[in-house]
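J.:
In my numbering, the protein residues as written are 328 to 947.
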């Protein structure tokens with residue numbers, strides 16, 4: 328049988344294949360699966376893949392950033408903002424460009440988010456070996472810098488002959504769109520192989536519509552979970568990110584909660600699945616949790632974790648609800664069986680619907696539901712007081728959050744807040760209010776400093792109709808801020824609220840809580856030379872990157888500046904000096920941090936004694 332073929336290079340074939348993948352979004356629109364390709368061209372990708380991308384830019388846009396880590400973080404945020412329904416690819420050179428991807432790939436790996444990494448690689452022929460930027464392994468001639476990406480890739484392949492793409496690309500797409508295996512995929516592209524031509528079957532490039540599977544529950548597991556729930560009097564749901572990633576998960580959770588009268592505590596990844604004012608939403612849970620959610624967790628006789636990785640911050644290092652029977656609904660078997668829980672391995676929406684049907688008219692104890700509603704209502708009223716400006720001195724994080732949300736009447740429906748590391752994740756987890764799924768965008772799986780600005784850009788590209796507000800500390804901003812210039816260049820406006828406390832205040836507090844002295848965290852406590860502590864003008868820095876910017880010093884000034892930022896047509900930075908030591912004391916739970924067994928400091932010895940006592944409460 329004659330097979331129609333087309334002669335293309337490996338790079339041209341790869342680009343054509345990616346452009347042929349489509350997805351139907353929840354609003355009914357049909358879009359390309361890949362929103363574009365981030366690329367910084369250099370040795371190893373400019374001639375092969377660069378030529379192919381230039382020819383295809385009308386169907387697969389190529390976007391230039393200023394740092395490979397930054398563009399991969401933007402791609403990660405783009406996928407998260409699309410609830411894993413759309414994604415991006417990233418192309419780099421063979422050396423530093425490739426290794427700059429490792430941190431961002433780890434972010435996507437931990438958070439179960441898809442992105443396609445296409446690093447250039449050394450010559451398979453080895454004719455010019457070693458080439459510029461080549462990392463040589465003295466024991467293995469087949470190892471290159473790209474192999475650094477193996478531990479942070481869900482699927483890894485090195486294309487050494489053109490025909491391998493025929494199997495590698497379908498496998499890559501299958502992994503990127505798999506509900507359980509979803510994560511980064513790396514296809515290493517040796518630069519000589521990128522340029523090689525091959526006669527490809529034309530059918531390989533036919534348009535394909537991606538179907539996102541929603542695995543069904545196993546009947547025996549479903550019956551077991553339903554039986555355990557029927558015996559519970561005081562159940563609590565822990566809502567994880569899997570609820571947001573599941574098609575119909577938000578609606579399924581709301582129906583399940585209201586049908587059975589069960590309160591909900593939300594993880595960092597799950598926040599926003601229920602509207603902030605839902606009568607049974609107790610707010611954040613765990614180390615950064617609200618008093619309401621953590622009190623319910625301590626009293627619950629059963630905890631149902633839905634789509635959660637059950638990380639230490641969500642579980643109080645597995646001590647917060649160790650007394651409760653643990654059930655898990657999770658599409659990923661690795662997560663479903665954590666900590667000896669009874670598991671239902673399936674999609675969140677499907678699992679909640681099936682479990683609800685199995686429970687029929689069963690409800691939690693009516694006193695428990697009423698008690699939960701009182702706690703939830705009380706916490707919402709408490710938040711009203713916490714975020715209100717009450718002091719004439721430096722503003723707190725909480726007051727800054729309140730001012731941002733008060734600066735627009737529709738903030739809970741329109742705004743998306745983006746954050747990742749430091750004290751802000753704790754404050755935002757407790758205090759940010761959103762009525763829409765995705766209105767809270769927190770990278771707290773890897774808690775990657777430097778994610779914020781690049782992540783905000785990725786979110787804005789995915790949700791151009793929403794106001795994207797990046798809240799970031801001075802330490803994290805200084806780690807990676809150059810994609811602010813990219814946001815200006817691409818015309819994707821973000822608002823950056825930079826809260827300056829002159830150092831790493833979050834870790835400084837942890838250091839002292841563990842009995843240590845302030846050391847090497849706040850700028851004042853660091854080794855410095857004759858010129859002393861640098862006085863950084865962040866607004867001037869932002870203006871030098873092309874953004875509009877201003878500096879404010881009070882909550883009232885911040886609220887007025889937010890109005891101007893919302894009206895601006897390009898990215899806008901607001902610098903605010905903040906009271907670094909101050910954070911919301913309400914709520915919270917124990918978090919396990921290794922404290923020295925031996926120390927000359929009495930404070931460290933006391934912290935170690937408290938640590939040993941707290942460990943006795945952990946689930947084992």
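For glycine and all other residues, C-beta sits at the position ideal for the given N, C-alpha and C.
Can you look up residue 692 in the DSSP assignment and give me helix, strand or coil?
T.: Residue 692: coil per DSSP, three-state reduction.
J.: Checking the sheet assignment: what are the DSSP bridge partners for residue 652?
T.: DSSP output for residue 652 lists 629 as bridge partner(s).
J.: If you compare alpha carbons, which of 872, 915, 477, 864 is closest to residue 812?
T.: Ranking 872, 915, 477, 864 by Cα distance to residue 812 puts 872 first.
J.: Kindly indicate which three-state DSSP category residue 339 falls into: helix, strand or coil?
T.: In the structure shown, residue 339 sits in a helix (DSSP, three-state: H, G or I).
J.: Opposite residue 538 in the DSSP bridges: which residues?
T.: DSSP output for residue 538 lists no bridge partner at all.
J.: List the DSSP bridge partners of residue 451.
T.: Looking at the DSSP assignment, residue 451 forms no beta bridge with any residue, so it has no partner.
J.: Measuring CB atoms only, is the stretch 669-678 touching the stretch 563-573, in the sense that at least three cross pairs come out at less than 8 Å?
T.: The stretch 669-678 vs the stretch 563-573: in contact.
J.: Does the Cβ of residue 942 have 16 or more other Cβ atoms within 10 Å, making it buried, or fewer, making it exposed?
T.: With fewer than 16 Cβ atoms within 10 Å of its Cβ, residue 942 is classed as exposed.
J.: Between the beta-carbon of residue 762 and the beta-carbon of residue 553, is there less than 8 Å?
T.: No, they are not a contact pair.
J.: For the ligand COA, is there a heavy atom less than 7 Å away from the beta-carbon of residue 676?
T.: Inclusion of the ligand COA in the displayed structure is not the case, the ligand content being empty and no account of it being possible.
J.: Going by beta-carbon coordinates alone, are residue 910 and residue 770 separated by less than 8 Å?
T.: Against a cut-off of 8 Å, the Cβ pair of residue 770 and residue 910 comes out as no contact.
J.: Could you give the DSSP three-state label for residue 582: helix, strand or coil?
T.: Helix, per DSSP.
J.: Is residue 818 helix, strand or coil by DSSP?
T.: Residue 818 falls in the coil class under three-state DSSP.
J.: Whole angstroms is fine: what's the gap from residue 656's alpha carbon to residue 556's?
T.: Their Cα atoms are separated by approximately 13 Å.
J.: So for residue 465, helix, strand or coil by DSSP?
T.: Residue 465 falls in the coil class under three-state DSSP.
J.: Where do the ends of the beta strand (DSSP E) carrying residue 928 lie?
T.: No beta strand (DSSP E) contains residue 928, which DSSP labels as neither H nor E.
J.: In this structure, how does DSSP classify residue 417 when only helix, strand and coil are distinguished?
T.: Of the three classes helix, strand and coil, the one that applies to residue 417 here is strand, per DSSP.
J.: Helix or strand or just coil, what does DSSP make of residue 500?
T.: Correct three-state label for residue 500: helix.
J.: For a quick check, are the C-beta atoms of residue 901 and residue 879 less than 8 Å apart?
T.: For residue 901 and residue 879, yes; Cβs fall inside 8 Å.
J.: Between residue 820 and residue 895, which are expected to be in contact by the criterion C-beta below 8 Å, what is the C-beta distance as a whole number of angstroms?
T.: Right, their Cβ atoms sit about 7 Å apart.
J.: Excluding the 5 residues preceding and the 5 following residue 397 in the sequence, name in chain order all residues of the same chain whose CB lies nearer than 7 Å to its CB.
T.: Closer than 7 Å at Cβ, skipping near neighbours: 781, 807, 809, 810.
J.: Within the continuous alpha helix (DSSP H) that includes residue 763, where are the two ends?
T.: Here residue 763 belongs to no alpha helix (DSSP H), and DSSP marks it neither H nor E.
J.: Please report the Cβ distance between residue 717 and residue 760, rounded to the nearest whole angstrom; I am assuming they are in contact, meaning their Cβ atoms lie under 8 Å.
T.: Not a contact, Cβ separation roughly 19 Å.
J.: In or out: residue 722 buried (at least 16 other Cβ within 10 Å) or exposed?
T.: Buried, since its Cβ has 16 or more Cβ neighbours within 10 Å.
J.: Let me know if residue 386 comes out buried or exposed under the rule of 16 or more other beta-carbons within 10 Å of its beta-carbon.
T.: Classification of residue 386: exposed, given that the 10 Å Cβ count is below 16.
J.: How big is the Cα-Cα spacing for residue 630 and residue 650?
T.: Computed Cα separation, rounded: 10 Å.
J.: Residue 593 and residue 610: beta carbons closer than 8 Å?
T.: Their beta carbons are under 8 Å apart, which means residue 593 touches residue 610 by this criterion.
J.: Counting C-beta neighbours from all protein chains within 10 Å, is the total for residue 418 16 or more, i.e. buried, or is it exposed?
T.: Buried, by the Cβ-count rule.
J.: CB residue 931 to CB residue 842, shorter than 8 Å?
T.: Contact flag set, yes.
J.: According to DSSP, simplified to helix, strand and coil, what is residue 611?
T.: Strand at residue 611.
J.: Hey, how far is the Cα of residue 840 from the Cα of residue 934?
T.: Near 7 Å, if we compare the C-alpha coordinates of residue 934 and residue 840.
J.: Is it true that the CB of residue 801 sits closer than 8 Å to the CB of residue 828?
T.: Yes, these two residues count as a Cβ contact at 8 Å.
J.: On the three-state DSSP scale, how would you describe residue 743?
T.: The answer is strand: DSSP assigns residue 743 an E or B state.
J.: DSSP puts residue 349 in a beta bridge; with which residues?
T.: Looking at the DSSP assignment, residue 349 forms a beta bridge with 359, 536.
J.: What is the rounded straight-line gap between the Cα of residue 639 and the Cα of residue 914?
T.: Roughly 16 Å separates the two Cα atoms.
J.: In the structure shown, what three-state DSSP assignment does residue 662 receive?
T.: DSSP places residue 662 in helix when its eight states are reduced to three.
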